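Heads up: the sequence shown at position 175 corresponds to 175 in the working numbering, and the numbers run straight through without jumps. Yeah, the Cβ is synthetic: ideal placement off N, Cα and C, and Gly gets one too. Values in this document were obtained by computation on a predicted structure and should not be read as measured data. Working notes for the structure below.
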Amino acid sequence: MKFIIDDANVEAIKNLYEFFPVEGVTTNPSILAKAKKHPYEVLGEIREIIGADADLHVQVVSKKAEDMVREAKVICEKLGQNTYVKVPTTREGLKAMKALSKEGIKITATAIYTPMQAYLAGKAGADYAAPYVNRIDNLGANGVEAAKKIHDIFKNNGLKTEVLAASFKNSQQVLELCEYGIGAATIAPDVIEGLIKNASVTSAVEAFTSDFEGLCGKGKTMENC
Ligand code: E4P
Numbered sequence: 001m002k003f004i005i006d007d008a009n010v011e012a013i014k015n016l017y018e019f020f021p022v023e024g025v026t027t028n029p030s031i032l033a034k035a036k037k038h039p040y041e042v043l044g045e046i047r048e049i050i051g052a053d054a055d056l057h058v059q060v061v062s063k064k065a066e067d068m069v070r071e072a073k074v075i076c077e078k079l080g081q082n083t084y085v086k087v088p089t090t091r092e093g094l095k096a097m098k099a100l101s102k103e104g105i106k107i108t109a110t111a112i113y114t115p116m117q118a119y120l121a122g123k124a125g126a127d128y129a130a131p132y133v134n135r136i137d138n139l140g141a142n143g144v145e146a147a148k149k150i151h152d153i154f155k156n157n158g159l160k161t162e163v164l165a166a167s168f169k170n171s172q173q174v175l176e177l178c179e180y181g182i183g184a185a186t187i188a189p190d191v192i193e194g195l196i197k198n199a200s201v202t203s204a205v206e207a208f209t210s211d212f213e214g215l216c217g218k219g220k221t222m223e224n225c
């Protein structure tokens, strides 16, 4: 499962890229609004940090298919080859996906709340389909199960579309989808940090250090003891 950062804060992205095995960035219009910069300024900075080969997902804002297609082309022109255009999976969105896939533009079908939306997006040529795991949970349904079902629908129907699960709020949601082998998950920085935060691990590592320093002296390691 690919790990992607769901954020547009360049400092957070730099930091996560330094420490975590992450492979790209997703944004949406609300995430860009939080960055409080011109969208292409911040997206250019993100492209610079992650490099030309990494996946960058950028959403169209238009509502009509023809406008989405034009917007998608501008996004790709400005942000390079490995840019996935996020298209909301509406009726107009499906029309736009069919047109964009014919032109070889990479598509992430977004705003997915039901498996049927994902199936239609896959048939319309989307490369990724992004179910909103936590938002589905908040509707009283099961977001993890929906994402698994979408993964199975793609495999059982011979579609090349992969799940890019989105909208996570905790480690358990990520773990369950990781175990299931879905294609990718896009995760906000605080949830990524939470995947490795564990007081028992910290205390185990501190005990090793203190025992070794008791043997060899403060600040000593296997390099200089
Ligand atoms: C991804 O495609 C979505 O834009 C995003 O993950 C939604 O996350 P949220 O529910 O935390 O806003």
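For GLN173, the enclosing alpha helix (DSSP H) starts and ends at 171–180. Shown here, HIS38 sits in coil according to DSSP, grouped into three states, outside any helix or strand.
Residue environment for LYS36: exposed (fewer than 16 other C-beta atoms within 10 angstroms of its C-beta).
Setting aside the 5 residues that flank it on each side, LEU79 is surrounded in the same chain by LEU43, ARG47, LEU56 and VAL58, each with a C-beta closer than 7 Å to its C-beta; the list follows chain order.
Relative to ALA12, the option among PRO189, ASN170 and THR27 whose CA is nearest is PRO189. Taking LEU195 as the centre and dropping the five residues before and after it, the same chain places the C-beta of SER171 and VAL174 closer than 7 Å to its C-beta, in chain order. Counting along the chain, the unbroken alpha helix (DSSP H) around PRO115 starts and ends at 115–123. SER167 has its Cβ nearer than 7 Å to a heavy atom of the ligand E4P.
The beta carbons of LEU32 and ILE192 sit no closer together than 8 Å.
The C-beta distance from ILE150 to ILE5 rounds to 22 Å, too long to meet the 8 Å contact threshold. If you draw a straight line from the Cα of ASN157 to the Cα of THR114, it comes to about 17 Å. Annotation: the continuous alpha helix (DSSP H) that includes ALA199 extends over 199–216. Note: VAL60 is not bridge-paired with any residue in the DSSP secondary-structure output. Excluding its 5 nearest sequence neighbours in each direction, GLU71 has C-beta neighbours in its own chain below 6 Å: VAL60 and SER62, listed in chain order. Proximity of the segment 124–132 to the segment 89–109 meets the contact definition, three or more beta-carbon pairs being nearer than 8 Å. The shortest CA-to-CA distance from ALA8 to any of GLU41, GLU145 and MET1 is the one to GLU41. Counting the other CB atoms within 10 Å of its CB gives CYS225 a total below 16, which places it among the exposed residues. Of all alpha-carbon atoms in LYS148, CYS76, PRO39 and THR83, the one lying nearest the alpha-carbon of ALA54 is that of THR83. With contacts defined by Cβ atoms closer than 8 Å, ALA65 and GLU92 form a contacting pair. Taking the C-beta atoms as reference points, ALA130 is found nearer than 8 Å to ALA109. Taking non-hydrogen atoms of the ligand E4P into account, the C-beta of TYR84 is found less than 7 Å away from none of them. By alpha-carbon distance to VAL10, the top candidate from VAL22, MET68, ILE50 and VAL69 is ILE50.
In the DSSP annotation of this structure, the continuous segment of the beta strand (DSSP E) that includes PHE3 starts and ends at 2–6. Take GLY219, set aside five residues on each side of it, and no residue of its chain has a beta-carbon closer than 6 Å to its own.
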